[in-house]
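Down below is the structure, laid out as structure tokens.
Numbering (my numbering), first residue to last: 43 to 271.
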């Protein structure tokens with residue numbers, strides 16, 4: 043209860059922000075945000091060295107975003123962020139041609155003349171436009187069609203598609219990945235590109251795409267704290 047009281051300002055701030063992005067009431071979003079705060083409290087481990095406010099904010103924000111998506115509410119992404127996202131695509135393309143690699147988050151933020159924190163906010167908003175699903179089809183020229191659920195070696199993952207909370211965990215894990223790995227997963231699972239298309243888009247081999255997909259899924263498993271038998 044004390045943690046809820048001390049961090050209620052985080053919920054109020056997020057509820058106020060999202061009220062301006064949709065037509066839901068402030069009170070409804072405040073209640074939903076409190077659920078996210080409570081979930082964060084239940085999972086917070088002081089021994090890991092995280093500041094609670096930084097740890098809790100993605101839970102609060104994610105809970106509100108999932109609520110809006112479940113209700114079919116259209117969430118407005120600020121025009122400035124949409125423009126910056128489009129600029130980032132061009133910057134990434136030019137950077138690959140010049141440096142033969144993807145720019146880091148810091149390099150992208152510097153090129154866009156924004157702070158690294160704002161770039162993270164833009165990416166999170168962009169990713170959260172649509173929830174990840176374990177049923178997303180993945181076309182592989184050599185192995186036919188599969189889906190995210192089938193690529194994940196641990197059967198515990200299959201239960202994740204059943205709960206909003208676990209969809210949030212998928213989203214949060216994705217944005218924590220090292221950028222090269224995240225780029226591949228976003229292309230495969232969010233943009234629905236084939237592994238060959240991803241390879242061409244990022245200027246890497248299909249084998250590298252496959253390895254990064256597997257690496258990314260393993261890391262997401264760790265980040266989401268899937269229990270082992």
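From the three backbone atoms N, C-alpha and C, an ideal C-beta is built for every residue, glycine too.
Here the structure is a predicted model, which means the values were calculated and not measured.
request  = Compute the beta-carbon to beta-carbon distance between residue 258 and residue 226, rounded to the nearest angstrom, for a pair I have assumed lies under 8 Å.
outcome  = 7 Å
Of the listed residues 113, 160 and 132, nearest to residue 120 (C-alpha basis) = 160
ask   = Which residue from 57, 109, 156 and 53 puts its Cα closest to that of residue 127?
value = 156
ask   = On the three-state DSSP scale, how would you describe residue 247?
value = coil
request  = Consult DSSP for residue 265 and reduce its assignment to one of helix, strand or coil.
outcome  = helix
query = Rounded C-beta distance between residue 248 and residue 238? I'm assuming under 8 Å.
reply = 6 Å
request  = With residue 136 as the anchor, note down where its alpha helix (DSSP H) starts and where it stops.
outcome  = 121 to 141
request  = In the DSSP assignment, find the alpha helix (DSSP H) that holds residue 156 and state where it starts and stops.
outcome  = Here residue 156 belongs to no alpha helix (DSSP H), and DSSP marks it neither H nor E.
key: Buried versus exposed, by CB contacts within 10 Å (16 or more), residue 67   = exposed
message = According to DSSP, is residue 145 part of a helix, a strand, or is it coil?
response = coil
task = Return the chain-ordered list of same chain residues with a C-beta closer than 7 Å to the C-beta of residue 240, the five sequence neighbours on each side being excluded.
result = 226, 229, 230 and 251
key: Reduced DSSP category for residue 76 - H, G, I as helix; E, B as strand; rest coil   = helix
Neighbourhood of residue 265 by C-beta distance below 6 Å, restricted to the same chain and skipping five residues each side = 215 and 218
ask   = Can you give the Cα-Cα distance for residue 76 and residue 100, rounded to whole angstroms?
value = 12 Å
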